[in-house]
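Per our numbering, residue 3 is the first one in the sequence shown, and the count goes up by one each step. Beta carbons: idealized from backbone N, C-alpha and C, even for Gly. Here is the structure we will look at, set down as structure tokens.
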Amino acid sequence: MNYIQKNFHDLFNAANELNCTYQKPAQCPHCGICCDPLILGSTFISPFTAKPPQFVFLIFQCTACKKLFTATYEVTNGKSHICCMTPFKPSAFSDELIEKISPRFIEVYNQALRAKDNKDLNLAAIGYRSALEILIKDYAINELNEPPEKVIKLKLFEAISNYLPENMLSTADVVRILGNDHTHYERKYPELDFNLLQKYMDIFINLVQTKLLIANPPVSR
Ligand SMILES: [Zn+2]
């Protein structure tokens with residue numbers, strides 16, 4: 003899911019807690035298209051106790067398929083986060099070529115994506131690092147025809163150096179290092195957030211997809 007940063011102030015013209023930013027969905031959960039949806043309804047509710055949190059409910063309309071979807075935000079001390087969206091579409095990754103060389107990557111990465119959906123970001127990060135190792139080793143064995151007994155024994159950073167081309171090294175290393183950071187007791191990079199890890203995971207998967215497409219053209223001369 004993609005988001006655009008907006009401010010509730012534009013919707014409610016309210017002071018205090020509602021003068022804060024929120025993540026407006028920028029992707030339709032029905033058709034998947036990226037858009038800046040129309041806002042067809044908005045309301046906010048404060049509990050009778052008048053104590054935070056407040057809740058904001060927004061109704062969106064996709065500019066492509068015209069279907070409606072909603073988001074509920076919890077607002078506390080000038081900060082908001084989405085606590086519920088309908089319809090809820092769990093994240094799922096699929097790719098025919100990657101599945102052929104590494105079905106286990108698809109399984110583990112999808113488990114990690116479900117952890118991310120649940121906001122279990124430490125587990126998701128550990129899962130991304132594990133999925134990365136499986137994909138690189140399966141790529142070496144099934145695409146580069148390297149002997150499994152040799153590949154299996156390698157540490158992840160060795161597998162990255164041995165089997166990935168120069169232009170993929172740094173991207174894989176970011177996922178490895180940030181994933182490891184969530185595995186170890188003491189974090190070295192607590193200031194780097196999960197979104198950055200997700201970006202580099204997306205780039206790495208795209209690079210693998212590109213390599214596999216080039217190596218396996220659907221038609222040829
Ligand atoms: Zn749509």
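Asked                                                                                                                                                              : Found
Report the three-state DSSP secondary structure of M87 (helix, strand or coil).                                                                                    : strand
Pull the bridge partners of I47 from the DSSP assignment, please.                                                                                                  : F57
L123 to R223, Cα distance in whole Å?                                                                                                                              : 47 Å
Whose C-beta lies closer than 8 Å to the C-beta of A117 among residues of the same chain, with five residues either side of it excluded?                           : L123, L125, A126, G129
Would the C-beta of I35 count as close to ligand 1, meaning under 7 Å from any of its heavy atoms?                                                                 : yes
Taking the CB atoms as reference points, tell me whether L40 and F62 lie closer together than 8 Å.                                                                 : yes
Are the CB atoms of A176 and Y202 nearer to each other than 8 Å?                                                                                                   : In the sequence under discussion, the amino acid at residue 176 is Val, which differs from the Ala named in the question. In this structure, Y202 lies closer than 8 Å to V176 by Cβ.
Answer yes if the region 71-85 comes into contact with the region 18-37, meaning at least three C-beta pairs across the two stretches below 8 Å, and no otherwise. : yes
Given a threshold of 16 other Cβ atoms within 10 Å of its Cβ, counted over all protein chains shown, does P219 qualify as buried or as exposed?                    : exposed
Would A142 and Y165 qualify as a contact pair, given that the criterion is a beta-carbon distance under 8 Å?                                                       : yes
So is E151 buried or exposed if we call it buried at 16+ other beta carbons inside 10 Å?                                                                           : exposed
For the pair the region 60-77 and the region 26-38, tell me if three or more CB-CB distances fall below 8 Å.                                                       : yes
Give the range of the alpha helix (DSSP H) segment to which T173 is assigned.                                                                                      : 168-185
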